[in-house]
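> In UniProt numbering, the protein residues as written are 1 to 151. Below is one structure. I have some questions about it.
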């Protein structure tokens with residue numbers, strides 16, 4: 001059984017930092033490295049070693065972009081925004097007919113935990129549609145404060 005993700009727009013006080021357009025899963029590696037660099041100003045270190053906030057954002061971006069590429073209509077648009085105190089990650093695809101759902105109980109290795117991870121690692125998560133796109137968004141503190149909405 002799956003549960004619905006809350007339908008709501010994110011706060012409006014954020015401004016764009018960087019945008020990526022993805023057409024295939026093969027572009028996820030470049031997204032992760034480029035997003036990390038946008039967050040920290042540094043190249044992605046081999047084998048990990050990410051700081052807490054960038055690590056959370058890169059992981060959630062990868063999961064949400066993978067969901068959009070697998071279940072949505074391309075292209076997938078990933079946008080990083082900031083208001084100085086928080087980051088907002090917005091992942092959009094062009095399937096406005098299918099609502100995102102949080103996976104229910106699954107066998108180990110079956111996948112489907114991207115939205116659950118987003119809820120666990122972020123301050124807030126939601127989704128909405130515009131005329132041509134479906135957006136899933138997540139907010140993160142720039143200080144690494146843990147106040148997830150997790151369910």
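Using N, Cα and C, we set each Cβ at its ideal position, and we do this for glycine too. All figures in this text were calculated on a predicted structure; none of them were measured in a lab.
What separation, rounded to the nearest whole angstrom, lies between the Cα atoms of residue 37 and residue 17?
Within the chain shown, the letter at position 37 stands for residue 37. Within the chain shown, the letter at position 17 stands for residue 17. So the two alpha carbons sit approximately 12 Å from each other.
> Residue 88: beta carbon under 6 Å from a heavy atom of the ligand GTP?
Here there are no bound small molecules, and the ligand GTP is not part of this structure.
> Spell out the partners DSSP gives residue 93 in its beta bridges.
Start at 1 with the first residue of the chain shown, and residue 93 comes out as number 93. BP columns for residue 93 point to 134.
> If we call anything under 7 Å between Cβ atoms a contact, is residue 90 one with residue 127?
By 1-based counting over the chain shown, the position of residue 90 is 90. By 1-based counting over the chain shown, the position of residue 127 is 127. Against a cut-off of 7 Å, the Cβ pair of residue 127 and residue 90 comes out as no contact.
> Helix, strand or coil: which one does DSSP assign to residue 50?
Counted from its first residue, the chain shown places residue 50 at position 50. With a pLDDT of 41 at residue 50, under the threshold of 50, the predicted position of this residue should be treated as unreliable, and no value is reported.
> Take residue 83 and list the residues in its own chain whose beta-carbon comes closer than 6 Å to its own, dropping the five residues that flank it on each side.
Within the chain shown, numbered from 1, the residue matching residue 83 stands at position 83. Answer for residue 83: 13, 14, listed in chain order.
> Give the straight-line distance between the Cα atoms of residue 50 and residue 131, rounded to the nearest whole angstrom.
Counting from 1 along the chain shown, the entry for residue 50 is found at position 50. Counting from 1 along the chain shown, the entry for residue 131 is found at position 131. The pLDDT assigned to residue 50 is 41, lower than 50, so where the model puts this residue is not dependable, and the model offers no usable value.
> Tell me whether residue 10 is buried or exposed, calling it buried when 16 or more other Cβ atoms sit within 10 Å of its Cβ.
Working through the chain shown from its first residue, we reach residue 10 at position 10. Buried: at least 16 other Cβ atoms inside 10 Å.
> Give the straight-line distance between the Cα atoms of residue 148 and residue 119, rounded to the nearest whole angstrom.
Position 148 of the chain shown, counted from the start, is the residue given in the question as residue 148. Position 119 of the chain shown, counted from the start, is the residue given in the question as residue 119. Residue confidence for residue 148 is low, a pLDDT of 48 falling below 50, so the modelled location carries little weight and cannot support an answer.
> Any idea what DSSP makes of residue 17, helix, strand or coil?
Taking the chain shown and counting its residues from 1, the one referred to as residue 17 is at position 17. Reduced to three states, the DSSP call for residue 17 is strand.
> Is residue 122 buried or exposed, if buried means 16 or more other CB atoms sit within 10 Å of its CB?
On the chain shown, position 122 is the one that residue 122 refers to. Classification for residue 122: buried.
> Using 8 Å for Cβ pairs, my map puts residue 112 next to residue 66. What's the rounded Cβ distance?
Here residue 112 refers to the residue found at position 112 of the chain shown. Here residue 66 refers to the residue found at position 66 of the chain shown. The pair is not a contact, with the Cβ atoms about 11 Å apart (cut-off 8 Å).
> Would residue 86 and residue 141 qualify as a contact pair, given that the criterion is a beta-carbon distance under 7 Å?
The residue given as residue 86 occupies position 86 in the chain shown. The residue given as residue 141 occupies position 141 in the chain shown. In this structure, residue 141 lies closer than 7 Å to residue 86 by Cβ.
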